[in-house]
Amino acid sequence: MIILGFEGESVPKSLQKDIKRYHLGGVVLFGKNIRNPKQLKKLTFDLKKEAKYPLLICVDEEGGSVERLKGEGFIRTPSADRVAKKGDLSYAKRVYFKLARELKKDGFNCNFAPVLDLALNSKNLVIVKKGRSYGSDPKEVVKYAEIFVKELKSNQILPVLKHFPGHGSSFGDTHKGFTDISSTWRKKELLPYKRLIDENLADAVMVAHVFNDRLDSKYPATLSYRVATKLLREGLGFEGIVISDDMQMGAISKNYSLKDSVTLAINAGVDMLLFANQTKKRVKAKDIVEIVYKQIKNGKIDLKTILRANERIKRVKKSLK
């Protein structure tokens with residue numbers, strides 16, 4: 124249930140122990156972990172070698188401003204905005220064919236992409252200004268997202284659709300703090316998710332830390348049962364795995380304790396908790412596991428919730444073989 128980030132260009136001994144002892148669900152790599160293709164292939168090979176159970180080796184490789192494979196020897200990928208403005212689906216297919224093949228060659232089996240956020244706010248700093256959206260029209264977004272998803276899946280890479288229920292209308296940035304989209308969010312932001320779910324192209328969805336009092340008057344989406352379970356699973360018919368956005372982002376870490384955020388997210392219906400460890404304060408697998416065990420013992424988390432999440436994770440991982 125845990126996806127962890129780490130320091131260094133090789134597998135730290137502490138991470139080796141965590142993978143074996145706590146059966147991590149996955150790891151996420153950033154630019155700090157990647158030097159060149161040769162080093163990266165060895166790193167991903169070594170990570171998989173440590174795991175008794177299949178390990179998700181994840182990366183944020185959207186293209187454009189969110190691109191971790193930047194050094195010599197890696198291909199460069201244009202942003203979603205640039206791909207869409209080209210207006211050529213065959214071009215998009217070539218772009219994402221090359222990207223998916225690169226990721227597979229480098230040992231990845233999970234990509235936190237594509238972005239399904241609609242470009243509804245020209246002043247949006249985290250999505251729109253960075254060129255991370257395919258546009259404001261749900262149909263156009265779906266066209267390009269479908270191509271990206273299919274190319275990833277054909278290379279046994281898990282696509283993670285994001286950022287549910289929509290981050291393209293926001294003025295704030297969840298990396299920094301509380302982000303309220305109550306007055307800007309539009310129901311049409313759900314349409315790309317609905318379309319891909321209906322087409323059996325949605326195996327994993329990343330839930331954002333955005334707050335929307337029209338969906339839940341108390342909690343941000345990641346910690347909301349109304350959003351992660353009632354809306355996404357029951358409303359849209361999603362049967363895959365729900366992954367949190369980075370739980371160390373300001374929107375969560377500045378407003379909730381680690382114990383409360385972990386408990387609320389699991390009870391909301393989040394299957395995998397992402398701790399990118401991009402901040403000074405590192406989170407260890409042991410910390411999360413101990414919280415979960417104690418909360419099960421105290422009756423704050425139902426063991427059945429954990430077992431159901433693990434079954435979904437196993438099913439999705441099996442499909443990657």
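Residues 124 to 444 in this note's numbering are what the sequence shown spells out, letter by letter. By construction, the Cβ of each residue, glycine as well, lies at the ideal position given by its N, Cα and C atoms.
So residue i packs on residue j, CB below 8 Å; how close in whole Å?
i    : j    : result
A226 : I142 : Checking the displayed sequence, the identity of residue 226 turns out to be Leu instead of Ala. Not confirmed; about 21 Å, so no contact.
V473 : F287 : With the chain covering 124 to 444 only, the question about residue 473 has no answer from this structure.
V328 : Y316 : 7 Å
D368 : T297 : 7 Å
L212 : I270 : 7 Å
T352 : G392 : 4 Å
Out of the options, state which residue places its alpha-carbon closest to the alpha-carbon of residue i.
i    : options                : result
A237 : R191, V272, R158       : Ala is not the amino acid found at residue 237; the sequence shown has Pro there. Closest by alpha carbon: V272.
N278 : D339, A223, R438, P288 : A223
Q139 : L127, I270, E173, V251 : E173
E132 : M124, I125, F153, G148 : F153
F398 : G392, A408, I389       : A408
F231 : P160, A331, D336       : P160
I366 : K193, R435, K136       : R435
G91  : K155, Y145, K299, H146 : Only positions 124 to 444 of the chain appear in this structure, which leaves residue 91 out of reach.
K285 : F301, S442, L314, G148 : L314
V264 : E312, F220, I304, A388 : E312
L275 : E357, G194, L324, A432 : L324
S347 : I320, G358, I389, E322 : I389
Only counting the same chain, and skipping five residues up and downstream in sequence, which positions put a Cβ closer than 6 Å to that of residue i?
i    : result
L163 : I157, D229
K423 : T386
I375 : H332, S384
Y145 : A408, V412
Going along the chain, which residues of its own chain have a beta-carbon closer than 8 Å to the beta-carbon of residue i, five neighbours each way excluded?
i    : result
A203 : E185, G186, G187, P237, V238, G254, R255, S256, Y257, Y267
Y214 : V206
T402 : Q371, S376
V406 : L127, M370, Q371, L381, F398, N400
Within the same chain, show all residues whose beta-carbon is closer than 7 Å to that of residue i, passing over the 5 residues directly before and after it, in chain order.
i    : result
V251 : A242, N244, S245, G291
L170 : V134, V150, L178, I180
G196 : N159, P160
By DSSP's criteria, residue i is part of a beta bridge. Which residues make up the other side?
i    : result
K285 : V238
I180 : V150
L396 : I125
M329 : I366
G186 : V189
F334 : D303
Notebook entry, point to check: Are there three or more Cβ pairs, one per stretch, closer than 8 Å when the stretch 331-342 is compared with the stretch 300-313?
Noted result: Touching, per the Cβ criterion.
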